[in-house]
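Notes follow once the structure below has been shown.
In structure tokens, the structure reads:
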């Protein structure tokens, strides 16, 4: 619980003067920032933060000291959604405010700008109670508002409205033709569903008809969560509308179909890959959401250990060869590849990507999306790509022997080739290429490095607490290598989340990668061509001993960033 705050109307102060007075900013720095504010029209606080003069937290703490009010870090505050909703979403976003606590006969309200007298007066009038204020980071406040004001209730209500509109007997052909209006319940339902999915950073949306219910589930941080449950009779209308949006055949309900479309959600464009599947109670739909402007991460930001990162950089900046990233669907392979491309993307390199679909837009690249319907396949595009004089080629996926052969041939003939492959671990990748029908000598003399990766859920910082691993977890940890340097010379500190509003009760919030890397040298190349998979696997595993995916997961657990249970779950499939 936050410290009690006195209910009083805030005073109007000049943030620049406060920062100078508290010796956080010099007069010269303030003058420079004021000139930038005048030129750009942004708030002074935002200018100072963007210009790296001060952090948002430093500015908030300075305001709190000046006004004698609490500063609350929302990252560690478990907000009450019922209290927050005392202020409607429109006003909460307009005034940058949320209700935190009831303190006797008054309410504690967090504000990004506690000097906004108009906002204070309006909130007091709206809440009909005395208001005590606290200052909070605007960034964390907006993230909290996004979490609290989700569209779950709205979606359930719209689904019910759609069910009432449809009645018991529906001509779905007529319905599909008349759903263009923005007021149609099915359109509003889908708009709210996509808005909520983007808001909570869902990677997939599952629409699943059951015998008497329709389930809509979101995959968030790799785990499925029920978003809403409603009447099953609306499922056909929802599926038909999605089919129309993606150009699929609405009359075909017996066969699976795949398609794609784009939607504008919360002022951003999202590419959607859709897959339909006929089931016992109707067509099931799964949609993968790809944010066009989600931003390409840097290699330093994807969770890769520094030592492995430098080894990868050495492989990437060779004149030619192939670097593969392996792992199951949804393990972050494309994110890693684009982080690598970001490093290679300089004015003196020609980079071409061949993907299905293009998941990130990166300036300076020539990006091609394959289209099987017009026979624009990976292999066909790759043949033309080699005539475009590239230095670096990214192939979205090694899907077949022809694509793999062309990619490896390009690596042998002076190109750096990056791609993905579905294998269990790094050591299996060369053998998988040979198994696909690629000559072993091509694999041996063009493959430079293989990275295997998974994504593990991170412990929620808001509700994390220490714990001791149980007997089964301790047994699993007993066979793992812990890097003392990474632990800063201290003992392992195991943490787990007890569940809070911020993490929706799961105890986890966000994900990070775990990695292993196999570099193919002369010895491994010779074993790869010797047609002796057993010896090759033994030699490869010996090279990676102490630096496997399991060791990487154990390291994260020992740092308190994930739980031992999560490390065990993610690496279960690759246990010996």
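Residue numbers (my numbering): 3 to 578.
Idealized CB from N, CA, C, for every residue including glycine.
The structure displayed is predicted, hence computed values, not measured ones.
Given a threshold of 16 other Cβ atoms within 10 Å of its Cβ, counted over all protein chains shown, does residue 434 qualify as buried or as exposed? The residue labelled residue 434 in the question sits at position 432 within the chain shown. Answer is buried; the Cβ neighbour count reaches 16.
Under the assumption that residue 351 contacts residue 393 (Cβ atoms under 8 Å), give the Cβ distance between them as a whole number of angstroms. Here the question's residue 351 lines up with position 349 in the chain shown. Here the question's residue 393 lines up with position 391 in the chain shown. Between residue 351 and residue 393, the beta carbon gap of about 4 Å places them in contact (Cβ cut-off 8 Å).
Assign residue 284 to buried or exposed, taking buried as 16 or more other Cβ atoms, counted over all protein chains shown, within 10 Å of its Cβ. Stepping through the chain shown from its first residue, residue 284 is reached at position 282. Its Cβ being crowded by 16 or more others within 10 Å, residue 284 is buried.
Could you give the first and the last residue of the continuous alpha helix (DSSP H) run that contains residue 543? Here the question's residue 543 lines up with position 541 in the chain shown. Start and end: 535–545.
Taking DSSP as the reference, what is the three-state secondary structure of residue 108? As a first step, residue 108 is located in the chain shown; it is residue number 106 there, counting from the start. Looking at residue 108 - three-state DSSP - the assignment turns out to be strand.
Assigned exposure category for residue 225 - 16 Cβ within 10 Å defines buried: By one-based count along the chain shown, residue 225 stands at place 223. Residue 225 is exposed by the Cβ-count criterion.
Pick out whichever of 65, 38 and 37 has its Cα sitting closest to the Cα of residue 26. One-based indexing of the chain shown puts residue 26 at position 24. Minimum Cα distance to residue 26 is reached at 65.
Quick check: what's the CA-CA separation for residue 334 versus residue 35? Position 332 of the chain shown, counting from 1, holds the residue named residue 334. Position 33 of the chain shown, counting from 1, holds the residue named residue 35. Computed Cα separation, rounded: 39 Å.
Count the other CB atoms, across all protein chains shown, that sit within 10 Å of the CB of residue 432; report buried if there are 16 or more and exposed otherwise. As a first step, residue 432 must be located in the chain shown, where it is residue number 430. Answer is buried; the Cβ neighbour count reaches 16.
Here's the rule I'm using: 16 or more other beta-carbon atoms within 10 Å means buried, otherwise exposed. How should residue 92 be labelled? By 1-based counting over the chain shown, the position of residue 92 is 90. Looking at its Cβ environment, which holds fewer than 16 other Cβ atoms inside 10 Å, residue 92 is exposed.
I'd like to know whether the C-beta atoms of residue 565 and residue 556 end up nearer to each other than 8 Å. As a first step, residue 565 is located in the chain shown; it is residue number 563 there, counting from the start. As a first step, residue 556 is located in the chain shown; it is residue number 554 there, counting from the start. Cβ distance not < 8 Å, so residue 565 and residue 556 don't count as in contact.
Rank 255, 428 and 346 by C-alpha distance to the C-alpha of residue 316 and give the top, closest one. Numbered from 1 along the chain shown, position 314 holds the residue referred to as residue 316. With distances taken between Cα atoms, residue 316 lies closest to 346.
Cβ separation of residue 511 and residue 542, assumed to be a contact under 8 Å, to the nearest whole Å: The sequence position of residue 511 within the chain shown is 509, counting from 1. The sequence position of residue 542 within the chain shown is 540, counting from 1. That belief does not hold up - the Cβ atoms of residue 511 and residue 542 are roughly 35 Å apart, past 8 Å.
Helix, strand or coil: which one does DSSP assign to residue 402? Within the chain shown, numbered from 1, the residue matching residue 402 stands at position 400. DSSP places residue 402 in coil when its eight states are reduced to three.
Using 10 angstroms around the beta-carbon of residue 243, count the other beta-carbons present and answer buried if the total reaches 16, otherwise exposed. As a position in the chain shown, residue 243 is number 241, starting the count at 1. Residue 243 should be labelled buried.
Beta carbon of residue 133, beta carbon of residue 143: below 8 Å? Looking up residue 133 in the chain shown gives position 131. Looking up residue 143 in the chain shown gives position 141. For residue 133 and residue 143, no; Cβs fall outside 8 Å.
Taking 6 Å as the limit between beta carbons, can you name the residues of its chain near residue 399, skipping five residues before and five after? For the purposes of this step, residue 399 is taken as the residue at position 397 of the chain shown. If we look at residue 399 and ignore the five residues flanking it on each side, its Cβ neighbours are 422.
Going along the chain, which unbroken runs of the beta strand (DSSP E) with 3 or more residues stay wholly within the stretch 339–398? 353–357, 368–371 and 394–397
Going by DSSP, which residues form a beta bridge with residue 263? As a working note, residue 263 is residue 261 in the chain shown. DSSP output for residue 263 lists 274 as bridge partner(s).
State the DSSP-derived secondary structure class of residue 126, mapped to helix, strand or coil. Position 124 of the chain shown holds residue 126. Of the three classes helix, strand and coil, the one that applies to residue 126 here is helix, per DSSP.
Candidates 504, 570 and 534: closest to residue 81 by CA position: Taking the first residue of the chain shown as position 1, residue 81 is located at position 79. Of the listed residues, the one whose Cα sits closest to residue 81 is 504.
For a minimum of 3 consecutive residues, which ranges assigned as the beta strand (DSSP E) are wholly contained in the stretch 498–574? 510–521
Give me the DSSP bridge partner(s) of residue 208. Counting from one through the chain shown, the residue named residue 208 turns up at place 206. The partner list for residue 208 (beta bridge, DSSP) reads 219 and 288.
Any beta carbon of chain D sitting closer than 8 Å to that of residue 413? Note that chain D does not occur in the displayed structure, where there is just one protein chain.
Rounded to a whole number of angstroms, what is the C-alpha to C-alpha distance between residue 173 and residue 255? As a working mapping, residue 173 is identified with position 171 in the chain shown. As a working mapping, residue 255 is identified with position 253 in the chain shown. Summary for residue 173: the model assigns pLDDT 36, below 50, so the residue's position carries little reliability; its value from the coordinates is reported in the next sentence. If you take the alpha carbons of residue 173 and residue 255, they lie about 16 Å apart.
Over the uninterrupted alpha helix (DSSP H) stretch that includes residue 140, give me the two end residues. Along the chain shown, one-based indexing puts residue 140 at 138. Annotation for residue 140: the continuous alpha helix (DSSP H) segment containing it runs 140–150.
Neighbour-count burial assignment, residue 122, 16 or more Cβ in a 10 Å radius: On the chain shown, residue 122 is found 120 positions in, with the first residue counted as 1. Buried, since its Cβ has 16 or more Cβ neighbours within 10 Å.
Assign residue 425 to one of three DSSP states: helix, strand, or coil. Locating residue 425 in the chain shown gives position 423, where the first residue counts as 1. Three-state DSSP puts residue 425 in coil, outside helix and strand.
Would you say residue 136 and residue 74 are within 8 Å of each other, going by their C-beta atoms? Position 134 of the chain shown, counted from the first residue, corresponds to residue 136. Position 72 of the chain shown, counted from the first residue, corresponds to residue 74. The beta carbons of residue 136 and residue 74 sit closer together than 8 Å.
Does the beta-carbon of residue 185 have 16 or more other beta-carbons within 10 angstroms, so that it is buried, or is it exposed? Start at 1 with the first residue of the chain shown, and residue 185 comes out as number 183. Note that residue 185 scores 41 on pLDDT, short of 50, meaning its location in the model is unreliable; the coordinates nonetheless yield the value given after this. Flag for residue 185 reads exposed.
Residue 228 versus residue 444 - alpha carbon distance: Stepping through the chain shown from its first residue, residue 228 is reached at position 226. Stepping through the chain shown from its first residue, residue 444 is reached at position 442. Straight-line spacing of the CA atoms in residue 228 and residue 444 works out to 47 Å.
Using CA atoms only, rank isn't needed, just tell me which of 98, 202, 342 and 454 is closest to residue 330. As a working mapping, residue 330 is identified with position 328 in the chain shown. Of 98, 202, 342 and 454, the residue nearest in Cα terms is 454.
Express the C-alpha separation of residue 440 and residue 388 in angstroms, rounding to a whole number. Taking the first residue of the chain shown as 1, we reach residue 388 at position 386. Taking the first residue of the chain shown as 1, we reach residue 440 at position 438. Rounded to the nearest angstrom, the two C-alpha atoms are 19 Å apart.
Quick one: Cα of residue 446 to Cα of residue 408, how far? The residue given as residue 446 occupies position 444 in the chain shown. The residue given as residue 408 occupies position 406 in the chain shown. Counting only the Cα atoms, residue 408 lies some 15 Å from residue 446.
Looking at the unbroken beta strand (DSSP E) that takes in residue 66, where does it start and where does it end? Your numbering for residue 66 matches position 64 in the chain shown. Element bounds for residue 66: not the beta strand (DSSP E) but the alpha helix (DSSP H), 58–69.
Using DSSP with H/G/I as helix, E/B as strand and the rest coil, what is residue 456? Along the chain shown, one-based indexing puts residue 456 at 454. Note: residue 456 maps to strand in three-state DSSP.
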